[in-house]
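Just so you know, the sequences run in chain order A and B. Per our numbering, the first sequence runs over residues 23 to 136. Per our numbering, the second sequence runs over residues 289 to 400. Note that the Cβ used here is the ideal one computed from N, Cα and C, for glycine as well.
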Amino acid sequence: NAGVTQTPKFQVLKTGQSMTLQCAQDMNHEYMSWYRQDPGMGLRLIHYSVGAGITDQGEVPNGYNVSRSTTEDFPLRLLSAAPSQTSVYFCASSPRGVGNQPQHFGDGTRLSIL
Amino acid sequence: SQELEQSPQSLIVQEGKNLTINCTSSKTLYGLYWYKQKYGEGLIFLMMLQKGGEEKSHEKITAKLDEKKQQSSLHITASQPSHAGIYLCGADNTGTASKLTFGTGTRLQVTL
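Put into C-alpha cells, the structure is as follows:
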C-alpha cells in the first residue's frame with residue numbers, strides 16, 4: 023500500500039530558483055495538507071485543501087503556491103526559493119466522513135536553499 | 289503565545305521509568321491527535337481522542353483528553369528504548385479535522 027508519496031526525498035536549490043514538491047495519495051482522501059517542520063517549531067501548516075479545486079491558506083503560506091486539480095495530487099510550488107524556506111516538508115491526507123479521522127503523513131522532503 | 293502548548297520540550301528517562309507529556313490548547317478542542325516521529329522520518333499515528341474524558345491505550349502508551357481544560361496527556365509506562373523519538377500532538381480546532389495545529393513536540397530519550 024503506497025499511502026502518501028512525496029517526491030523528491032531530498033533537494034538542494036539555489037536562492038531564486040523555483041521548484042515543485044510532489045504529493046500523491048492513493049486512498050481517495052478528500053483532505054490534503056502541506057506542513058513544514060523546523061527545529062523547535064513543530065509542524066506549521068502552509069496550505070490545505072478540502073477537495074479537488076478547493077485550497078486555502080494555513081499559518082505560513084507566503085512564498086508557496088498550491089493547486090488541487092485531482093483528488094490524488096496536491097503539489098506545492100516554491101516560486102522563488104529563499105534560505106528561510108530551508109526545512110523539512112510533509113504532506114498529509116485524511117478522509118472526510120462521519121467522525122474525524124487521523125491524517126496520514128508522507129515521509130517528507132528535505133529541502134535546502136543555498 | 290502558541291495555540292497549542294506542549295511540554296516538556298525534551299525528556300531523558302531511564303529505561304523502565306514512567307513519563308507524561310502534556311498538550312494544552314488555547315482554542316476549543318474538537319479532537320486531539322498524538323503522533324510519534326523517529327529522527328529523520330515521517331509521523332506515525334498513535335491515537336486520536338475526541339470526547340471529553342476519553343482515554344485510549346495501546347501497549348504501554350495511554351492518552352487522555354480533558355475537554356474542559358482543553359488538555360491532553362500522553363503517559364508511557366515502563367519506558368523502553370523503542371519509545372525514543374519525538375512526540376507531537378495535533379489539535380483539531382475547527383470540528384472538521386480538515387487541518388490540524390501542532391505543538392512544538394517533545395523529544396524523548398530513553399537511557400539504559
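Taking the beta strand (DSSP E) that residue 293(B) belongs to, which residues open and close that run?
For the purposes of this step, residue 293(B) is identified with residue 5 of the second sequence, where counting begins at 1. Where residue 293(B) is concerned, the enclosing beta strand (DSSP E) stretches over 292 to 295.
Based on Cα-Cα distance, which residue from 400(B), 389(B), 399(B), 397(B) lies nearest to residue 294(B)?
On the second sequence, residue 294(B) is found 6 positions in, with the first residue counted as 1. The option with the nearest alpha carbon to residue 294(B) is 389(B).
Of all the options 338(B), 340(B), 364(B), 313(B), which has the alpha carbon lying nearest to the alpha carbon of residue 300(B)?
On the second sequence, position 12 is the one that residue 300(B) refers to. Of the listed residues, the one whose Cα sits closest to residue 300(B) is 364(B).
Looking at the secondary structure, which residues open and close the beta strand (DSSP E) in which residue 49(A) lies?
Along the first sequence, one-based indexing puts residue 49(A) at 27. Careful: residue 49(A) lies outside any beta strand (DSSP E) and carries neither H nor E.
Between residue 41(A) and chain B, is the shortest Cβ-Cβ distance under 8 Å, so that the two count as touching?
Here residue 41(A) refers to the residue found at position 19 of the first sequence. Answer no: the Cβ-Cβ gap between residue 41(A) and chain B never drops below 8 Å.
Please name the residue in 368(B), 328(B), 394(B) whose C-alpha comes closest to that of residue 32(A).
Translated into the one-based positions of the first sequence, residue 32(A) becomes position 10. Answer by Cα proximity: 328(B).
Give the interface partners of residue 123(A) over in chain C, defined as CB-CB distance under 7 Å, in chain order.
No chain C appears in this structure, whose protein chains are A and B.
Would you identify the three-state DSSP class for residue 386(B), choosing helix, strand or coil?
Residue numbering aside, residue 386(B) sits at position 98 when the second sequence is read from its first letter. Correct three-state label for residue 386(B): coil.
Since residue 380(B) meets chain A, which of its residues come closer than 7 Å, beta carbon to beta carbon?
As a working note, residue 380(B) is residue 92 in the second sequence. What residue 380(B) touches in chain A: 122.
Where does residue 29(A) land, buried or exposed, given buried means 16+ other C-beta within 10 angstroms?
As a first step, residue 29(A) is located in the first sequence; it is residue number 7 there, counting from the start. The residue is exposed, with fewer than 16 neighbouring Cβ atoms inside 10 Å.
Taking a contact to mean a Cβ-Cβ separation below 8 Å, would you say residue 124(A) touches residue 321(B) in this structure?
Position 102 of the first sequence, counted from the first residue, corresponds to residue 124(A). Position 33 of the second sequence, counted from the first residue, corresponds to residue 321(B). Yes, the Cβ-Cβ distance between residue 124(A) and residue 321(B) is below 8 Å.
List the whole-angstrom C-beta distance separating residue 99(A) from residue 42(A), where the pair is believed to meet the contact cut-off of C-beta under 8 Å.
Mapped onto the first sequence, residue 99(A) falls at position 77. Mapped onto the first sequence, residue 42(A) falls at position 20. About 5 Å separates the two Cβ atoms, so the contact holds.
Would you report the Cα separation of residue 342(B) and residue 91(A), rounded to the nearest angstrom?
Taking the second sequence and counting its residues from 1, the one referred to as residue 342(B) is at position 54. Taking the first sequence and counting its residues from 1, the one referred to as residue 91(A) is at position 69. Approximately 38 Å, taken between the alpha carbons.
Using a Cβ-Cβ cut-off of 7 Å (strictly less than) and excluding sequence neighbours within five positions of residue 87(A), which residues of its own chain qualify?
Locating residue 87(A) in the first sequence gives position 65, where the first residue counts as 1. Closer than 7 Å at the Cβ level, and outside the excluded window around residue 87(A), lie 99, 101.
Could you tell me the alpha carbon to alpha carbon distance between residue 66(A) and residue 80(A), rounded to whole angstroms?
As a position in the first sequence, residue 66(A) is number 44, starting the count at 1. As a position in the first sequence, residue 80(A) is number 58, starting the count at 1. Cα-Cα distance, rounded: 8 Å.
Between residue 55(A) and the ligand FMN, is there a pair consisting of the residue's CB and a ligand heavy atom that are separated by less than 7 Å?
In the structure on display, the ligand FMN does not appear, and there are no ligands present to speak of.
Could you name the residues of chain B that residue 63(A) contacts, counting a contact when the two beta carbons are closer than 8 Å?
Sequence index remark: in the first sequence, residue 63(A) carries index 41 (1-based). Correct list: 392.
If the cut is a Cβ gap below 9 Å, which residues of chain A does residue 368(B) touch?
Translated into positions along the second sequence, residue 368(B) becomes position 80. Neighbours of residue 368(B) on chain A: none; closest Cβ ~24 Å, over 9 Å.
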